[in-house]
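**Q**
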Amino acid sequence: MKAFSNNIVFVDTEFTDLNPYVGEILSVGMVKPSGEELYVEIAYEGEMHSWVRTNILPTLTGDKVSREEAKKKIADFLGVGKPHMVAFVPQYDMVYMVKLFGTDALPFHWMPVDFASMLFGDGQDPGQMRSERRGVLMHYLGLDSHDYPEHHALSDARALKDVWQAMVD
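Under our numbering, the first residue of the sequence shown is numbered 48, with each subsequent residue one higher.
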């Protein structure tokens with residue numbers, strides 16, 4: 048498989064709820080194909096799903112920034128080229144990015160790349176990228192799943208980049 052463009056960025060987000068009508072973004076991890084990284088944790092004091100409180104909140108140990116500062120850091124990191132966002136299941140990541148930036152200021156190309164669908168089309172079970180079975184696909188590709196702590200946006204973006212590069216490049 049060969050990528051259409053190298054103007055991509057691997058993205059993962061963590062958020063307070065799967066329901067985008069009530070959820071808010073908590074963190075963003077981004078990795079460029081070159082390996083350059085950005086990780087931002089966003090200040091939030093409101094309600095969150097109990098699963099998030101148990102599984103995501105403990106991984107958020109960095110300094111928190113405002114939504115405006117997060118937007119600036121992300122926009123500066125991405126530059127003006129509007130890369131395609133590559134995400135495992137971008138339906139959530141893109142929605143939360145649109146909630147953060149709005150539709151007119153989104154720093155990505157409007158059409159994200161859905162890596163789960165790519166795996167499916169390649170005859171792979173996308174569920175193998177999910178946490179409890181992540182090691183199966185990674186082992187097959189020569190990667191060690193223990194190098195990628197789960198439920199952390201930057202770690203998940205790194206894992207996505209490394210799996211992508213093992214499969215696509």
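Just so it is clear, CB atoms sit at the ideal spot from N, CA and C, and this is done for glycine as well.
Give every residue of the same chain whose Cβ lies closer than 6 Å to the Cβ of methionine 141, excluding the five residues on either side of it in the sequence, and list them in chain order.
**A** Within the same chain, methionine 141 has close Cβ partners Pro159.
**Q** Does the Cβ of proline 154 have 16 or more other Cβ atoms within 10 Å, making it buried, or fewer, making it exposed?
**A** Classification of proline 154: buried, given that the 10 Å Cβ count is 16 or more.
**Q** Classify tryptophan 98: buried if its beta carbon has 16 or more other beta carbons within 10 angstroms, exposed otherwise.
**A** Flag for tryptophan 98 reads exposed.
**Q** How long is the line joining the alpha carbons of leucine 65 and lysine 49, rounded to whole angstroms?
**A** The straight-line gap from Cα to Cα measures roughly 32 Å.
**Q** For isoleucine 55, verify whether its CB is less than 7 Å away from any heavy atom of the ligand ATP.
**A** No copy of the ligand ATP appears in this structure; indeed no ligand is present at all.
**Q** Between which residues of its own chain and proline 196 is the CB-CB distance below 6 Å, once the five residues before and five after are set aside?
**A** Closer than 6 Å at the Cβ level, and outside the excluded window around proline 196, lie Ser202.
**Q** Can you check DSSP and say which residues form a bridge with glycine 76?
**A** Beta-bridge pairing links glycine 76 to Asp59, Tyr86.
**Q** Quick check on DSSP: helix, strand or coil for aspartate 123?
**A** In the structure shown, aspartate 123 sits in a helix (DSSP, three-state: H, G or I).
**Q** What's the C-alpha gap between methionine 95 and proline 67?
**A** If I take the Cα positions, the gap works out to 12 Å.
**Q** Taking methionine 132 as part of the beta strand (DSSP E), name the residues at either end of that continuous run.
**A** Per DSSP, methionine 132 belongs to the beta strand (DSSP E) from 131-134.
**Q** What's the call for serine 113, buried or exposed, on a 16-neighbour Cβ count within 10 Å?
**A** Classification for serine 113: exposed.
**Q** Within the chosen definition, does the region 73-93 reach the region 159-169 through at least 3 CB pairs nearer than 8 Å?
**A** No: the two stretches stay apart, fewer than three of their Cβ pairs being nearer than 8 Å.
**Q** Are the CB atoms of leucine 207 and phenylalanine 62 nearer to each other than 8 Å?
**A** No, the Cβ-Cβ distance between leucine 207 and phenylalanine 62 is not below 8 Å.
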